[in-house]
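Here's the structure we're looking at; comments come further down.
Number of protein chains: 2
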Amino acid sequence: MIKKVGVAILGLGVVGGGTYQTLTEHREYYQKTQNVDITVEAVLVRDKQKAMEKGLPKAIVTDNIAEVIANPNVDIVIETIGGVGAAKDYVLAALREGKTVVTANKEMICKYSHELERVAKRTGCGMYYEASCVGGVPIIRTLLDGVQANRVQQMMGIINGTTNYILTKMTQEGAEYADALKDAQKLGYAEADPTNDVEGFDALYKLSILSSLAFHTKVPYTKIFREGISKINAKDIAYGKSLGYTLKLLAIGKNTSQGIEARVHPTFVPDAHPLASVNDAFNAVYLKGDAVGDIMLYGRGAGALPTASAVVSDVIYAATHSDVKYSTFKNNATAEACVKFVSDFESAYYVRLAVDDEAGTLATVSGIFGKCGISLVAVSQITQKKELDDEGKLRVPLVIITHKTTENRIGKAMAKINASGIGKVQAAIRVEN
Amino acid sequence: MIKKVGVAILGLGVVGGGTYQTLTEHREYYQKTQNVDITVEAVLVRDKQKAMEKGLPKAIVTDNIAEVIANPNVDIVIETIGGVGAAKDYVLAALREGKTVVTANKEMICKYSHELERVAKRTGCGMYYEASCVGGVPIIRTLLDGVQANRVQQMMGIINGTTNYILTKMTQEGAEYADALKDAQKLGYAEADPTNDVEGFDALYKLSILSSLAFHTKVPYTKIFREGISKINAKDIAYGKSLGYTLKLLAIGKNTSQGIEARVHPTFVPDAHPLASVNDAFNAVYLKGDAVGDIMLYGRGAGALPTASAVVSDVIYAATHSDVKYSTFKNNATAEACVKFVSDFESAYYVRLAVDDEAGTLATVSGIFGKCGISLVAVSQITQKKELDDEGKLRVPLVIITHKTTENRIGKAMAKINASGIGKVQAAIRVEN
């Protein structure tokens, strides 16, 4: 017998619209292949007239959330409003009423999953949020049901499409950041105020969610180091490229004997690394498990239909599985007391200096790194051309790749170079091998 | 409350051994993270002495299948024997007894899933086989629970590690097939009789399973076109490379308005395609869904622990989900009557000719392709050097890349060239863009 399931969609923006389209176009297909008949019983919008102009039937369009929550035909509430204002109130109301929730809202899940889950447990509802991370790529399903036999030791992801588009443009065309951003805005990949994407907040929320699931303990976003791409210089991307590295905004989570380490920052990866060839608005997550070894998931991290794919897959999952699973870790706002977080983390570095073109400079620089306990992989004067450094002096660029060192040590080395009188640090970018 | 689950492992080879290791080493970890206590209650082996020398407790080692099936502490039977002899009998016996089965056996699932599923349905057991395809990569879980909101339109996979290792070696080192095979055998990547891998049977079984799940209809292995890599010449890999293509053994499934198309054969892909950089024994599956667009899963397709990761993930899934789902398509030995299969499929081609070095040759060749309705992307005389062709004549190689055409047309064009007197076809390899 076919199972009948009614859903409500809150919001009719990009993701809400894509979800409505996917559910209605595939209704018969899901009846045949999933043995479930999913009907859209209500769509919550601000402007009913506009929704009806988009072709939605009058009977399902509403601007009254109370009506949606009270509707006995609605089994599952899909939240695609975003943010942590009304969206959160509506989700809480739905859960309290015993309705399972599917959401694409990373900020809400990152900041309030503990609060939502508490209510869901009480009323026996499910809470699904595959669409909150990496669009259509089923990374959450994979963590929960695909690689759960593993201790996940490490995760490295390109999980923000806007920044990956900008960095790809800068890499392939030598564009400067400001121009690549403008281009991304024109194409709709970046918002008018791009802060959330380019400064790494979007990736931060996603990394908090994914690393909490991967490491089975709460990784609050406040414990994650964050650095955006807005200060990146096209020159450094080009120099890195000439040494065999590609620049990406990586979200990195590691679970080591020292503790949990979570960080979002621009990172050079070797050209041969599978993440190096993830271009444009594509996303990918690279995982290392203690049994499976390295695996990678790749796909579109945003967009109406890719995100709708994740939303609707969650809806079908909720409709066809009677068990509801909650986080097995203590899902709180804060981390468990017993968990240590690494802040002085280890990383290799790309460092660009502007130095005086004099004999002995190289020896002085190498000496400073050596004294700080940092060994070097390569020191390269990529061009002989003098360039204006940030003090307005004509100097030559000197690029250094270090072995793994700590934040602490690299900070000391850079301060010593800046104080040495022979040159200044122009850029320092982390490297993962 | 923690759920207690007893398992039996049939066979203690590579996968069985890896599974035993993974289950015992992670027992406490699964208690904490999955709320399930999995104990190995029995291990079926041929030689009890040998198993005990490997450190297995005497109490769980047995050579008596009846004992295993009758053991009331065994809830889940893990089959890692392989083949369709004893393995199938044991699995049927377990299912009849009401025990859920987890298996890594691609040949058995490919050929007999309909028979096994019939029994499983009758006794209400689950049948899980993630480990049968692409090792630790959770491709089956993804098809069932990750992209099920999509109509999967296309699937292209590197799903055999042995052939990918051999082709990588031939590509990167210019090695000939025979030498690369020997190397793979030395490293344990290829068996003494490599037929099953190099002639594409292994990939064929996996493609039958994966495309049946993806397209929601039985795709019997007998409907799949198969061509192996044993006839591939290092020269063609090098010529293809110089034109920007990488050679892979691809398993391809397409679901089009013309019908279902499934094939395993050596295939050139453009260097920029994500599958082109999947090297050595790594595997990957590239999917196209109507909502999600392109996604790719990448990881180790074989090996003790990667495969054990898939086996144990299935065990945990079975232990923590009370619903059992069966194929929603009619799972029979044969395809459904209403489904059409495409045999004269469309493909672009790389063709290498040995031609006489005379004026007018190019015009004649182009003319033949034109008359057969095949348009050309490129005609290139990669080297001026005369080479012995397969008739022992000194001729120059001429490489042609065609646009998409049919099997039928390309066959006619090649026959006409061979009959023309100006040269002979030396190689013809399909191209996917």
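In order, the protein sequence lines correspond to chains A and B. Residues 1 to 433, numbered by the numbering used here, are exactly what the first sequence covers, in order. Residues 434 to 866, numbered by the numbering used here, are exactly what the second sequence covers, in order. Ideal Cβ placement from N, Cα and C applies to all residues, glycine included.
Determine the DSSP secondary structure at residue i, reduced to helix, strand or coil.
i, result
"B:Q581", "coil"
"A:N255", "strand"
"A:Y326", "coil"
"B:P505", "coil"
"B:D470", "strand"
"B:V570", "coil"
"B:D522", "helix"
"B:T835", "strand"
"A:D47", "coil"
"A:K218", "coil"
"B:S742", "helix"
"B:V788", "strand"
"A:V14", "helix"
"A:N447", "Chain A is shown from 1 up to 433; residue 447 of chain A falls before or after that span and cannot be answered."
"A:N196", "helix"
"B:A475", "strand"
"B:V552", "helix"
"A:I237", "helix"
"A:T80", "coil"
"B:T700", "strand"
Using 8 Å for Cβ pairs, my map puts residue i next to residue j. What's the rounded Cβ distance?
i, j, result
"A:E41", "A:V91", "At roughly 17 Å, the Cβ-Cβ gap does not stay under 8 Å, so A:E41 and A:V91 are not in contact."
"A:I158", "A:F215", "Contact doesn't hold; Cβ gap of about 20 Å is too wide."
"B:I442", "B:T455", "No, B:I442 and B:T455 are not in contact; Cβ-Cβ is about 11 Å, not under 8 Å."
"B:K687", "B:Q581", "With 8 Å as the limit, B:K687 and B:Q581 do not qualify as a contact, their Cβ atoms being about 19 Å apart."
"B:V864", "B:A781", "4 Å"
"A:T80", "A:G135", "Not confirmed; about 13 Å, so no contact."
"A:L95", "A:I65", "A:L95 to A:I65, Cβ: 13 Å. No contact."
"B:R828", "B:D777", "In fact, because the Cβ distance is near 31 Å, the residues do not count as touching under 8 Å."
In whole angstroms, give me the CA-to-CA distance for residue i and residue j.
i, j, result
"B:A613", "B:T700", "18 Å"
"B:V447", "A:L287", "23 Å"
"B:E900", "B:D616", "Absent from the structure is residue 900 of chain B, since the part of chain B shown begins at 434 and ends at 866."
"B:K845", "A:M156", "50 Å"
"B:V438", "B:V510", "11 Å"
"A:Y205", "A:S313", "22 Å"
"A:E176", "A:K32", "51 Å"
"B:T838", "B:A860", "16 Å"
"B:I573", "A:K424", "54 Å"
"A:S420", "A:D389", "16 Å"
"B:Q733", "A:A291", "Looking at the sequence shown, residue 733 of chain B is not Gln but Arg. Distance between the alpha carbons of B:R733 and A:A291 is about 10 Å."
"B:K674", "A:T162", "33 Å"
"A:A437", "A:V74", "Residue 437 of chain A is absent from the structure shown; chain A starts at 1 and stops at 433."
"B:T536", "B:G825", "51 Å"
"A:I229", "B:M847", "54 Å"
In chain A, which residues lie less than 9 Å from residue i when you measure between Cβ atoms?
i, result
"B:H754", "D145, H321, S322, D323, K325"
For a contact meaning CB atoms closer than 7 Å, what does residue i contact in chain A?
i, result
"B:P571", "T142, G146, V147"
Apart from the five residues on each side of it in sequence, which residues of its chain come closer than 7 Å, Cβ to Cβ, to residue i?
i, result
"B:G800", "none"
"B:A684", "G590, I592, A636, K639, L640, V697"
"A:R46", "D63"
Spatial neighbours of residue i within its chain, please: C-beta separation below 8 Å, excluding the five flanking residues on both sides.
i, result
"A:T334", "K218, P220"
"B:I749", "Y463, Q467, V469, I471"
"A:M296", "P274, L275, A284, V285, Y286, L287"
Could you pull out every residue in the same chain whose Cβ sits closer than 6 Å to the Cβ of residue i, ignoring the five residues on either side in sequence?
i, result
"A:D294", "K288"
"A:D271", "G244, T246"
"A:V399", "Y239, R352, S380, I382"
"A:G126", "T100, A318, V324"
"B:A735", "G568, G594"
"A:K330", "E336"
"A:Y129", "T103, I109"
Identify the contact partners of residue i in chain B, using a Cβ-Cβ distance below 7 Å as the criterion.
i, result
"A:S309", "V580, A582, N583, G722, A724, V725"
"A:Y29", "R584"
Give the residues of chain B in contact with residue i, contact being defined as C-beta atoms less than 8 Å apart.
i, result
"A:H216", "K465, T466"
Report the neighbours of residue i on chain A: residues whose CB is nearer than 8 Å to its CB, in chain order.
i, result
"B:R733", "V292, G293, D294, I295"
"B:L683", "Under the 8 Å cutoff, chain A gives no residues; its nearest Cβ is about 17 Å from B:L683."
For residue i, return the contacting residues in chain B, with the cut-off set at a CB-CB distance below 9 Å.
i, result
"A:T39", "Within chain B, no residue comes near A:T39; the closest Cβ sits about 15 Å away, beyond 9 Å."
"A:I316", "D578, Q581, A582"
"A:I26", "Contrary to the premise, residue 26 of chain A reads as His rather than Ile in this sequence. Neighbours of A:H26 on chain B, chain order: A582, N583, R584, D723, A724."
"A:V312", "Q581, A582, N583, A724"
Output yes if chain E places a C-beta closer than 8 Å to the C-beta of residue i; else output no.
i, result
"A:T168", "You won't find chain E in this structure, because its protein chains are A and B."
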